[in-house]
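Input: a single structure, listed below in structure tokens.
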Amino acid sequence: MERLQKVIANSGITSRRKAEELILKGKVRVNGSVVKELGIKVDGNDIIEVDGATINRDIPRVYYLLNKPRGVITSVSDDKERKTVIDYINTDERIYPVGRLDYDTTGALILTNDGELANLLTHPKNQIEKTYIAKIEGILDKDGINSLKKGVVVDNKKVEIKNFKVKEKNFEKNTSLIEITIIEGRNHIVKKIFETLKHPVIRLTRTSIAFININDLKSGEYRKLSIKEVKKLYSLK
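Going by this note's numbering, the first residue of the sequence shown is number 21, and it counts up by one from there.
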């Protein structure tokens, strides 16, 4: 017996959090009856429908790393018909992005149909590190560096900054290049960190998720994750 939301996530339809939302909205049926309670357990004989479609529990798991280009939506579809990250992956499986990157943010993004792994990578308790390179306006001075060391308060909550490094100071163009590692998943969090320090972000790239990095992947390119990498990601729980 497994929790309903876990079974839905493992079917590749969506993440566990989204599965929980669908259950609470009455979008899920088990053996023909609507289920609106979290925690319900099902077995292999139960028929589960999500939005009227019966889920297939026996599908192959696939895992991709994409170097997301600028100007692309982190979604499976877009009502404005803009290009999405799904458009870059050549697969017949129904995959979705793990977490998100802003429209104008580039870099490492994992896409999969494994809801359990998606939940592991996005759940705050697992403290998955994500590293970014931020090009910011202005020269980061000692006060800014000390603020990053202490942790910056964003929306009344302190952001834990695991590590950071000033990679470049361009006095001619009045910009700085900062590498920063955080475990937060709040929307626009890196941009908000530097806005708090009065250094708006000009360009932002996520270079790695945990030990998975984009390395030589060019913008728009992707690769499959190896079995070894997937097992190592699971070990981070």
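We put the beta carbon where it would ideally sit given N, CA and C, even for glycine. Just so it is clear, the structure is predicted and the values come from calculations on it, not from any experiment.
Report task. Could you name the residues of the same chain whose beta carbon sits closer than 7 angstroms to that of Glu-149, not counting the 5 residues immediately before and after it, in chain order? Result -> Lys-182, Thr-201, Ile-203, Ala-230
Among the residues of its own chain, which have a CB less than 7 angstroms from the CB of Ile-159, if the five just before and after it don't count? Lys-189, Phe-191, Asn-194, Ser-196
Query raised in the report: If you pair each beta-carbon of the region 68-86 with each one of the region 129-148, do three or more pairs fall below 8 angstroms?
Result: yes
Does the Cβ-Cβ distance between Leu-58 and Thr-94 come in under 7 angstroms?
no
Task: Lys-187 to Ile-198 span [Cα, whole Å] - done: 6 angstroms
* Please report the Cβ distance between Ile-234 and Asn-87, rounded to the nearest whole angstrom; I am assuming they are in contact, meaning their Cβ atoms lie under 8 angstroms. => 5 angstroms
- Query: Are the region 67-77 and the region 28-38 touching, with three or more C-beta to C-beta distances below 8 angstroms?
  - Reply: yes
Take the Cβ of Arg-35 as the centre, count every other Cβ of all protein chains shown within 10 Å, and call the residue buried at 16 or more, exposed below. According to the sequence provided, residue 35 is Ser. The question's Arg does not apply to it. Looking at its Cβ environment, which holds 16 or more other Cβ atoms inside 10 Å, Ser-35 is buried.
Kindly indicate the opening and closing residues of the alpha helix (DSSP H) around Leu-140. 135-142
Check: Is Val-221 closer than 7 angstroms to Ala-128 when the C-beta atoms are compared?
Finding: no
Starting from Val-168, trace the alpha helix (DSSP H) in both directions and tell me its first and last residue. What sits at residue 168 in the sequence shown is Leu, not Val. Residues 162-170.
Please report the straight-line C-alpha distance between Tyr-123 and Ile-115, rounded to a whole angstrom. 19 angstroms
When the Cα atoms are used, what is the spatial distance from Ser-228 to Ile-209? 16 angstroms
query: What does DSSP give as the partner residues of Leu-131 in its beta bridges?
result: Tyr-84, Pro-117
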